[in-house]
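J.: This is the structure I want to talk about, given as structure tokens.
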Amino acid sequence: MSGKLHANSLIMYDHQTDSLWSHLVGAAVSGPMKGQKLDFLESMLTEWQTWKRLHPNTKVLSSGRGGFLASMRDPYEAYYRSTDTGIIPPRVLDKRIYPKEYVLGLVMNDKAKAYPFSVLSRRPVLNDHFQGIPLLIVFDSESATGVIFKRTVGGKELSFKQTTAPDKKALFLADETTHSLWQGLTGTAVQGPLKGKRLKALPMTPSFWFGWVDHYPDTELFAKDR
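All letters in the sequence shown, in the order written, are residues 225 to 450 by my numbering.
Structural data, given as structure tokens:
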């Protein structure tokens, strides 16, 4: 990290050109690489216990200075609980929802859409369409973990609903076509005709609303009354 901010977004720098890059949009904002964009990869922001349950054989990269547990403390915990909206005044004031509402942000074909956590906590399984793509948004309220998948298998669109979980600590889904059982946060079918199939996870960004809309002022917002 460079120690700098751009629209309240952390700024990285590359060692080859010293260009500065916004971590939220993955684009160079100054330097020889200005205007270039990085490719986003699928990821998940979650609690360690949730990740460990999903991926029990995970190996952990540790700094070696104080051990893994010591490195898990988040220095911004007080900021998350406050009403402060960053150091730099937002360029865009969008009052559709509370500025520090968490959203799950998605960008496709240079168009953006946001799904508020407050909506997802009430509707943990959403079948949606955006930019002509059928989407599945899955949200685990206990760990505040959200993921987005393309809900097609073999070129066929599937619709999903939450179902009784064999593991009460995990979120499970069933598709309404084959009634296969799916692990919600990994998008993997674990029982039924589609067992072993996996939905394509899409790159998404958990963010505060004020930060997201500052970078994507024309963003769509999933309506609360839908």
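Even glycine gets a Cβ: it sits at the ideal position worked out from N, Cα and C.
#1: My assumption, with CB atoms under 8 Å, is that S233 sits in contact with S243. Please give the rounded CB distance.
#2: Are the stretch 300 to 316 and the stretch 411 to 426 touching by the rule of at least three beta carbon pairs closer than 8 Å?
#3: How would you label R375, buried or exposed, when you count the other beta carbons within 10 angstroms and need 16 or more for buried?
#4: Does the structure place the stretch 391 to 410 close enough to the stretch 276 to 286 that three or more beta carbon pairs sit under 8 Å?
#5: For R297 and T309, I'd like the C-alpha separation in whole angstroms.
#6: Between G370 and P441, which are expected to be in contact by the criterion C-beta below 8 Å, what is the C-beta distance as a whole number of angstroms?
#7: Tell me the rounded alpha-carbon separation between F264 and L328.
#8: How about L395 and D364: are their beta carbons less than 7 Å apart?
#9: When you compare the stretch 383 to 397 with the stretch 342 to 350, are there three or more beta-carbon pairs, one atom per stretch, that lie closer than 8 Å?
#10: Determine the direct distance from the alpha carbon of H403 to that of D449, and round the result to whole angstroms.
#11: Measure the alpha-carbon distance for L248 versus M268 and round it to whole angstroms.
#12: Consult DSSP for Q273 and reduce its assignment to one of helix, strand or coil.
T.: Considering the structure as presented:
#1: In the sequence shown, counting from the first residue as 1, residue 233 sits at position 9. In the sequence shown, counting from the first residue as 1, residue 243 sits at position 19. About 15 Å separates the CB atoms of S233 and S243; that is not less than 8 Å, and the two are not in contact.
#2: no
#3: Against the sequence shown, residue 375 aligns to sequence position 151. Answer is buried; the Cβ neighbour count reaches 16.
#4: yes
#5: Numbered from its first residue, the sequence shown carries residue 297 at position 73. Numbered from its first residue, the sequence shown carries residue 309 at position 85. One C-alpha to the other measures close to 21 Å.
#6: Within the sequence shown, residue 370 is the residue found at index 146, counting from 1. Within the sequence shown, residue 441 is the residue found at index 217, counting from 1. Contact between G370 and P441 fails: their C-beta atoms lie close to 22 Å from each other, not under 8 Å.
#7: Position 40 of the sequence shown, counted from the first residue, corresponds to residue 264. Position 104 of the sequence shown, counted from the first residue, corresponds to residue 328. Near 15 Å, if we compare the C-alpha coordinates of L328 and F264.
#8: Here residue 395 is taken as the residue at index 171 of the sequence shown, counted from 1. Here residue 364 is taken as the residue at index 140 of the sequence shown, counted from 1. In this structure, D364 lies closer than 7 Å to L395 by Cβ.
#9: yes
#10: Here the question's residue 449 lines up with position 225 in the sequence shown. Here the question's residue 403 lines up with position 179 in the sequence shown. Residue confidence for D449 is low, a pLDDT of 49 falling below 50, so the modelled location carries little weight; the figure read from the coordinates is stated next. Distance between the alpha carbons of D449 and H403: 28 Å.
#11: Taking the first residue of the sequence shown as 1, we reach residue 248 at position 24. Taking the first residue of the sequence shown as 1, we reach residue 268 at position 44. The straight-line gap from Cα to Cα measures roughly 14 Å.
#12: Residue numbering aside, residue 273 sits at position 49 when the sequence shown is read from its first letter. In this structure, Q273 counts as helix in the three-state DSSP scheme.
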